[in-house]
Amino acid sequence: MSCAKEELLAGCIARLIGDARHVAVGAASPIPAMAVFLLREMNRGRPRVSLLQKRSGNPFTEGSRELFDQAGQGRIDVFFLGGAQIDGEANINLVRAEGKRFPGSFGSAYMYFAAKKTILFREEHSLRVLVKKVEFVSAPGWSPPEVERHGGPVALLTGKALFLWQKERRRFQLQSVHPGSSAEDVRANTGFSYDAPALVPRTPEPTADELVLLRGSVARVIGENYPEFARRVWGALAGVGPA
Amino acid sequence: MSALPANETRFLAGADALAREIPDGACIGLPPDYSPVAMAVVRALVRRGAKDLKLLGVPVLGLCADILIGAGCVREVETSAVTLGEAGLAQRFTAAAESGAVKIIDATCPMIHTGLQATEKGVPFLPLRGVLGSDLVKNHPDWKTIDNPYTTGDPILLAKAIVPDVALFHARWADEAGNVWVGRRGELATIAHASQACYVSFEELKRGDMLEDELLAPGCISSVYVTAVAPAPRGAWPLGVPGAYGIDDAHLQLYARLAKTAAGFQQYLDEFVLQPVSA
Chain A
1 MSCAKEELLA GCIARLIGDA RHVAVGAASP IPAMAVFLLR EMNRGRPRVS LLQKRSGNPF
61 TEGSRELFDQ AGQGRIDVFF LGGAQIDGEA NINLVRAEGK RFPGSFGSAY MYFAAKKTIL
121 FREEHSLRVL VKKVEFVSAP GWSPPEVERH GGPVALLTGK ALFLWQKERR RFQLQSVHPG
181 SSAEDVRANT GFSYDAPALV PRTPEPTADE LVLLRGSVAR VIGENYPEFA RRVWGALAGV
241 GPA
Chain B
1 MSALPANETR FLAGADALAR EIPDGACIGL PPDYSPVAMA VVRALVRRGA KDLKLLGVPV
61 LGLCADILIG AGCVREVETS AVTLGEAGLA QRFTAAAESG AVKIIDATCP MIHTGLQATE
121 KGVPFLPLRG VLGSDLVKNH PDWKTIDNPY TTGDPILLAK AIVPDVALFH ARWADEAGNV
181 WVGRRGELAT IAHASQACYV SFEELKRGDM LEDELLAPGC ISSVYVTAVA PAPRGAWPLG
241 VPGAYGIDDA HLQLYARLAK TAAGFQQYLD EFVLQPVSA
């Protein structure tokens, strides 16, 4: 069964989340949300997911600050961040680059320290996004030992590849390349240096069972909260859209 | 910190009357698009030609900021982000930031919450973990790093107390006692508690006093914080009020399409803002 790029990425994120108790999903992150709902379908409702922007039945009863207070207390295992620019030291920039203004840093400067694991996710894999050094540090990838920090990056997933973060070396390691790309293509489109094995594996596609779930119950819950996204992904696959 | 008032809520006629109370140059604390925004009052601010406003995003901003910026009402914005969510970039904000027409002070969400919480407690600052090493720290005029006085070698960031001149948002209900009900949207209560004045538009008026009702009281903001309220049915449109009506996604897409250019934005203003709108 062929799959959409979004489904491949969601399957990849689901494997990265692995065994977690509580995953929080912030602003405009439909693919990470797909991944968590897929995991819940496969693991009988585990992990707990808190969608900051859930339109009905929002999990936070004290407004948006409760997300940050929960993270500060250690109650959030996994969070997702992106970047207009991301560099080889896992610094992220959500503010400005090459004269262009981006929306802003959101809660990144706090969540990157407070959530136990952060998965960096940006679909565009290009020299303008993956840079040697970000122009503005919204949130730093690592901190000196005197700065209290409970978490940080674990991986960087793009539309071409998956990198794992090596905390001790402060460098990314190329883990796998998605179908349609190659190790050479990734090297040519990445502005920072990283480690890579001699033979780079291919990113596995979701299984047939996972695709059935993604296009059924997962598509329905995503459609409630990210209607435009759901129409784009599943509307394009005739006959498998949300019921 | 100067004292904040104990209010006796005034009842005004509608969104335009509320907008007349908000002076040019005011710093206005505003909620994100997923928390009821007083969009009818925002449109009325544009109609009355408001000038030199400072917008404070608690903690981020969306459609209301983009419209006020595009209409030339804004001098400065402090926020953690401006976004239209699924509808994409806030184009008038982006254009104003890139041209330098509006001064932008970049923040991060919990620092804004913490600054307002300092004002709730009447203290000059509160500490927050994280953030250190972000360029936000060196660019923000009001954030300072100190050593934790209870130990050694433990740097920690302080958020200075934030006191907006005005809190502005929309509520599902107001009651005859001047209380407003915002349910689980606690950031609205934080803005109200920390602001010099608080203006609230509401969907429906409830008889009596909601603080007498055990189930409604926890979602209420007491009238002690509320300067004035005014009815504005469907006043959050095209944004939503949870439990009453949803976000008008098609309208947001239309807005995002038009706001890509100054001319398209002017067309939007002419059609949906400058003449009173029936939602």
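Note that the protein sequences, when read in sequence, are chains A and B. For the first sequence, this note's numbering begins at 1 and goes up steadily by one. For the second sequence, this note's numbering begins at 1 and goes up steadily by one. Even glycine gets a Cβ: it sits at the ideal position worked out from N, Cα and C. Source: prediction; values computed, not measured.
Quick check: is the beta carbon of residue i nearer than 7 Å to any beta carbon in chain A?
i, result
"residue 279 of chain B", "With a pLDDT of 47 at residue 279 of chain B, under the threshold of 50, the modelled position of that residue is not reliable, and no figure is offered here."
"residue 198 of chain B", "no"
"residue 34 of chain B", "yes"
"residue 261 of chain B", "no"
"residue 271 of chain B", "no"
"residue 72 of chain B", "no"
"residue 25 of chain B", "no"
"residue 147 of chain B", "no"
"residue 249 of chain B", "yes"
"residue 175 of chain B", "no"
"residue 29 of chain B", "no"
Give a yes or no on whether the minimum CB-CB distance between residue i and chain B is below 7 Å.
i, result
"residue 223 of chain A", "no"
"residue 192 of chain A", "no"
"residue 189 of chain A", "no"
"residue 119 of chain A", "no"
"residue 7 of chain A", "no"
"residue 95 of chain A", "yes"
"residue 107 of chain A", "yes"
"residue 241 of chain A", "With a pLDDT of 43 at residue 241 of chain A, under the threshold of 50, the modelled position of that residue is not reliable, and no figure is offered here."
"residue 37 of chain A", "no"
"residue 181 of chain A", "no"
"residue 143 of chain A", "yes"
In whole angstroms, what is the alpha-carbon distance linking residue i and residue j?
i, j, result
"residue 212 of chain B", "residue 85 of chain A", "52 Å"
"residue 190 of chain B", "residue 216 of chain A", "40 Å"
"residue 302 of chain A", "residue 75 of chain A", "Chain A is shown from 1 up to 243; residue 302 of chain A falls before or after that span and cannot be answered."
"residue 56 of chain B", "residue 79 of chain B", "6 Å"
"residue 101 of chain B", "residue 101 of chain A", "13 Å"
"residue 75 of chain B", "residue 54 of chain B", "6 Å"
"residue 104 of chain B", "residue 77 of chain B", "5 Å"
"residue 2 of chain A", "residue 86 of chain B", "26 Å"
"residue 21 of chain A", "residue 46 of chain A", "7 Å"
"residue 255 of chain B", "residue 36 of chain B", "18 Å"
"residue 242 of chain A", "residue 212 of chain A", "Legend: pLDDT at residue 242 of chain A = 43, less than 50; position of this residue unreliable, value from coordinates given subsequently. Cα to Cα, the separation comes out at about 11 Å."
"residue 48 of chain B", "residue 266 of chain B", "16 Å"
"residue 245 of chain B", "residue 55 of chain A", "11 Å"
"residue 165 of chain A", "residue 19 of chain A", "18 Å"
"residue 122 of chain B", "residue 110 of chain A", "24 Å"
"residue 147 of chain A", "residue 156 of chain B", "8 Å"
"residue 62 of chain A", "residue 204 of chain A", "40 Å"
"residue 275 of chain B", "residue 126 of chain A", "45 Å"
Cβ closer than 8 Å: which chain A residues qualify as neighbours of residue i?
i, result
"residue 82 of chain B", "103 and 104"
"residue 242 of chain B", "55, 56 and 58"
"residue 282 of chain B", "Not covered by the structure: residue 282 of chain B. The range shown for chain B is 1 to 279."
Run down chain B in chain order and give the residues with a C-beta less than 8 Å from the C-beta of residue i.
i, result
"residue 146 of chain A", "153, 154 and 155"
"residue 80 of chain A", "Those within 8 Å of residue 80 of chain A in chain B number zero; the least Cβ separation is about 15 Å."
In the DSSP assignment, find the alpha helix (DSSP H) that holds residue i and state where it starts and stops.
i, result
"residue 9 of chain B", "From DSSP, residue 9 of chain B is part of no alpha helix (DSSP H); its letter is neither H nor E."
"residue 185 of chain A", "183–188"
"residue 87 of chain A", "It is not in any alpha helix (DSSP H) - residue 87 of chain A instead sits in the beta strand (DSSP E) that spans 85–87."
"residue 199 of chain B", "Per DSSP, residue 199 of chain B belongs to no alpha helix (DSSP H); it is in the beta strand (DSSP E), 197–206."
Please compile the residues from chain A whose C-beta is within a distance smaller than 9 Å of the C-beta of residue i.
i, result
"residue 113 of chain B", "63, 64, 65, 68 and 69"
"residue 186 of chain B", "60, 61, 62, 63, 64, 65 and 66"
"residue 246 of chain B", "55 and 56"
"residue 90 of chain B", "103"
Which residues in chain A have a C-beta closer than 7 Å to the C-beta of residue i? List them in chain order.
i, result
"residue 86 of chain B", "28, 226, 228 and 229"
"residue 106 of chain B", "95, 104 and 105"
"residue 79 of chain B", "104"
So which residues of chain B does residue i contact, with C-beta pairs closer than 9 Å?
i, result
"residue 43 of chain A", "Going along chain B, no residue has its Cβ under 9 Å from residue 43 of chain A, so there is no contact; the nearest lies around 27 Å."
"residue 114 of chain A", "110, 129 and 130"
"residue 100 of chain A", "94 and 98"
State the start and end residues of the unbroken beta strand (DSSP E) segment that holds residue i.
i, result
"residue 164 of chain A", "161–166"
"residue 145 of chain B", "143–147"
"residue 61 of chain A", "Where residue 61 of chain A is concerned, there is no enclosing beta strand (DSSP E), given that its DSSP letter is neither H nor E."
"residue 117 of chain A", "117–122"
"residue 22 of chain A", "22–25"
Counting only Cβ pairs nearer than 7 Å, list the residues of chain B close to residue i.
i, result
"residue 140 of chain A", "133 and 134"
"residue 72 of chain A", "129"
TODO: Scan the stretch 126–137 of chain B for residues whose Cβ lies nearer than 9 Å to a Cβ of chain A and list them as they occur along the chain.
DONE: 128, 129, 130, 131, 132, 133, 134, 135, 136 and 137
TODO: Scan the stretch 53–70 of chain B for residues whose Cβ lies nearer than 7 Å to a Cβ of chain A and list them as they occur along the chain.
DONE: 59 and 60
- [ ] Name, going along the chain, the residues of the stretch 124–137 of chain A whose beta-carbon falls closer than 7 Å to a beta-carbon of chain E.
- [x] Reference to chain E is not applicable here, since the protein chains of this structure are A and B.
Task: the stretch 215–237 of chain B: positions lying closer than 7 Å to chain A by Cβ - done: For chain A, none of the residues of the stretch 215–237 of chain B brings a beta carbon within less than 7 Å of one of its beta carbons.
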